[in-house]
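Top to bottom, those sequences are chains A and B. If you use the working numbering, the first sequence corresponds to residues 9 to 194, in order. If you use the working numbering, the second sequence corresponds to residues 3 to 86, in order. Every residue gets a Cβ at the ideal spot worked out from N, C-alpha and C, and that includes glycine.
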Amino acid sequence: MSQLSTLSDAELVQRCREGNTDAWNELVERFSRYVYAVCTRGYRLSEEDADDVFQEVFTRVFTHLDTLRNDAALRPWIAQLTRRLCLDSITKRGREQATDEPMAEELAADLAEIDEAFTVREALATLSDTCQEMLDRFFARDQSYRTISDELDLPSGTVASRIARCLSKLRTELEGRNEGPRGSRG
Amino acid sequence: MTTYDDERIGELLRVLPPAPEGWVRAAQELPAARRSLDEIVARAEADLAFRQALVADLESALQLEGYEPDRRVVDELKRRFSES
């Protein structure tokens, strides 16, 4: 776990403003999955359009970081920016019907799930590097026990037991967040 | 209060696969791209011959001067020169 990955969003924004390139890299890393998911899973943009929106989101974040009034509001700002640029992209492509009912309900449900998933990722970021890697490989990257076992040179049984143990830790972390604000990067 | 079982946590982890590496890298290179853009613009403002070369043939002029700017820098320079 890098030192920067433990910073709150507000602290990260502050370092980015100071011109810290590593902080910018962490900011992109922290939000890249979220922006990608909103573009592709939420608004179902083509890869080409999603790439354009993805780059535009981070270009605007980089350019307008100084105008962010509340540094802790980075996540809602990026969320709003991404959604608006996705809608612009759809409009440009002449697919306004994508926002019609009942697709709007489906979109709202997908975006809510993406937001929830981001919260889970924030909780995951507080666990050890080993747990982050195990759970990311198995779930987000859809790697099999066999692949993980081969790439990390671990017995399959060890991979399975570590995944189970790390899931349990992640569940505990999420339950802790439900009881209070600890561990939040917001 | 939201409750999570292992199955739901797994589902939610699957919702956020990694973005393509090239996209992430390009976004991370934004500060360097911005510095490159600022440097080229400053030089164009101070050096009339360089500015004329950029207006005549942007990509060739940049190559000739040893710049290897990314697509965003080239697009931004085209936009700026078309406005001026």
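Opening and closing residue of the alpha helix (DSSP H) in which residue i lies
i: B/V76; result: R73 to E85
i: A/C47; result: Premise fails: A/C47 is in no alpha helix (DSSP H) and is neither H nor E.
i: A/D118; result: M111 to L132
i: B/R45; result: L32 to A48
i: B/Y69; result: It is not in any alpha helix (DSSP H) - B/Y69 carries neither H nor E in the DSSP assignment.
i: A/F66; result: E55 to H72
i: A/Y153; result: Y153 to L160
i: B/V22; result: First, the residue type needs correcting, since residue 22 of chain B is Pro and not Val in the sequence shown. Premise fails: B/P22 is in no alpha helix (DSSP H) and is neither H nor E.
i: A/T99; result: L82 to K100
i: B/R16; result: D8 to V17
i: A/D144; result: Here A/D144 belongs to no alpha helix (DSSP H), and DSSP marks it neither H nor E.
i: A/Q11; result: It is not in any alpha helix (DSSP H) - A/Q11 carries neither H nor E in the DSSP assignment.
i: A/D17; result: D17 to R25
Cβ shell of residue i (< 8 Å), same chain only, five flanking positions each side left out
i: A/R49; result: D118 and I122
i: A/L73; result: V21, C24 and R25
i: A/R190; result: For A/R190, the predicted model reports a pLDDT of 44, less than 50, meaning its position is unreliable and no value from the coordinates is stated.
i: A/S54; result: none
i: A/L89; result: V65, R68 and V69
i: A/E34; result: S10, L12, S13, L15 and L20
Beta-carbon proximity list for residue i, same chain, < 7 Å, skipping 5 on both sides
i: A/F62; result: V43, Y44 and C47
i: A/S164; result: Y153, R154 and S157
i: A/F66; result: V36
i: A/Q105; result: Note on A/Q105: pLDDT 49, under 50, position unreliable in the model; no value is reported.
i: A/A31; result: L12, L20, R23 and C24
i: A/K177; result: L135 and C139
i: A/F126; result: Y42
i: A/A168; result: Y153
Whole-angstrom C-beta distance between residue j and residue i, which should lie under 8 Å
i: A/R129; j: A/R41; result: 7 Å
i: A/L175; j: B/I42; result: Contact doesn't hold; Cβ gap of about 50 Å is too wide.
i: A/F70; j: B/L32; result: 5 Å
i: B/L18; j: A/A148; result: 6 Å
i: B/A58; j: B/F52; result: Not a contact, Cβ separation roughly 11 Å.
i: A/T138; j: A/R179; result: About 17 Å separates the two Cβ atoms, so there is no contact after all.
i: A/L182; j: A/A131; result: 5 Å
i: A/A18; j: A/A80; result: 4 Å
i: A/D59; j: A/S97; result: With a Cβ gap of about 10 Å, A/D59 and A/S97 do not count as contacting.
i: A/D57; j: A/R91; result: Incorrect: roughly 14 Å between the Cβ atoms, too far for contact.
i: A/V76; j: A/W85; result: Per the sequence presented here, residue 76 of chain A reads as Leu, with Val not at that position. That belief holds up - the Cβ atoms of A/L76 and A/W85 are roughly 6 Å apart, short of 8 Å.
Spatial neighbours of residue i in its chain, beta-carbon cut-off 6 Å, leaving aside the 5 residues before and after
i: B/S38; result: P71 and V75
i: A/A116; result: none
i: B/D8; result: none
i: A/P110; result: Residue placement at A/P110 cannot be trusted, given a pLDDT of 48 that sits under 50; the coordinates are not used to answer.
i: A/D150; result: none
i: A/L82; result: D17 and V21
Residue i: CB within 7 Å of a non-hydrogen atom of the ligand SAM
i: B/A29; result: No copy of the ligand SAM occurs in the structure displayed, which carries no ligand at all.
> the stretch 13–33 of chain B: which residues have C-beta closer than 7 Å to a C-beta of chain A, in chain order?
Replying inline: Result list: L14, L15, R16, V17, L18, P19, P20, A21, W25, V26, A28, A29, Q30, L32 and P33.
> Going along the stretch 30–49 of chain A in order, which residues come within less than 8 Å of chain B, judged by CB to CB distance?
Replying inline: Listed by position, the residues of the stretch 30–49 of chain A near chain B (Cβ gap below 8 Å) are W32, N33, V36, E37, S40, R41, Y42, V43, Y44, A45 and R49.
> What residues from the stretch 139–154 of chain A come within 9 Å of chain B, judged by C-beta to C-beta, listed N to C?
Replying inline: Residues passing the 9 Å Cβ filter: L143, D144, F146, F147, A148, R149 and D150.
> Relative to chain B, which residues along the stretch 111–122 of chain A have a C-beta separation below 8 Å, given in chain order?
Replying inline: Of all residues in the stretch 111–122 of chain A, E121 and I122 have a Cβ within less than 8 Å of some Cβ in chain B.
> Given a limit of 7 Å on CB to CB distance, which residues of the stretch 57–73 of chain A reach chain B?
Replying inline: Only D59, F62, Q63, F66, T67 and F70 from the stretch 57–73 of chain A bring a Cβ to less than 7 Å from some Cβ of chain B.
>> Using a Cβ-Cβ cutoff of 7 Å, what residues of the stretch 37–63 of chain B are near chain A? List them in chain order.
In response: So the list is empty, because no residue satisfies the distance condition.
> Taking any Cβ of chain A, which residues in the stretch 66–77 of chain B have a Cβ under 8 Å from it, in chain order?
Replying inline: The stretch 66–77 of chain B vs chain A, Cβ under 8 Å: R74.
> If you measure beta-carbon to beta-carbon, which residues of the stretch 161–192 of chain A are closer than 7 Å to chain B?
Replying inline: Flagged, chain order: L175, L178, R179, L182 and N186.
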